[in-house]
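In this note's numbering, the protein residues as written are 931 to 1040.
Only one structure is covered here, and it is reproduced in the block below.
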């Protein structure tokens, strides 16, 4: 559905594929699979430019409404940030003291 919406909004399969980060062939195959599952064409492939069929335009409108609803629901589910910040309990790094042996280093033998 996401690939269909992207292709329908841009009316260009190559631009939609670039925007989605997939190849053009993958995007077209995804749209064809959606058309096969629905049982009717969503794009008019015989036209000289990419156009939506009436069914495609109706599905696009429905998909956009659903996307807005899901975005609003996701925004409503966001919990406000809060709580205490916790300090790191790591040891940190002690300053090097001149002449003192370095911890974890062994003297190199000759």
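We put the CB at the ideal spot given by N, CA and C, even for glycine.
All figures in this text were calculated on a predicted structure; none of them were measured in a lab.
Starting from residue i, trace the alpha helix (DSSP H) both ways and give me its first and last residue.
i	result
residue 1041	A question about residue 1041 goes unanswered here, because the residues of the chain that appear run from 931 up to 1040.
residue 951	Element bounds for residue 951: n/a, residue is neither H nor E.
residue 998	984-1006
residue 937	932-940
With a cut-off of 8 angstroms on the beta carbons, I'd call residue i and residue j a contact; round off their distance for me.
i	j	result
residue 946	residue 957	6 angstroms
residue 985	residue 970	5 angstroms
residue 934	residue 961	5 angstroms
residue 973	residue 982	6 angstroms
Tell me, which residues are paired with residue i by DSSP?
i	result
residue 981	974
At a cut of 8 angstroms, does the segment 931-941 reach the segment 971-990 through at least three beta carbon pairs? yes
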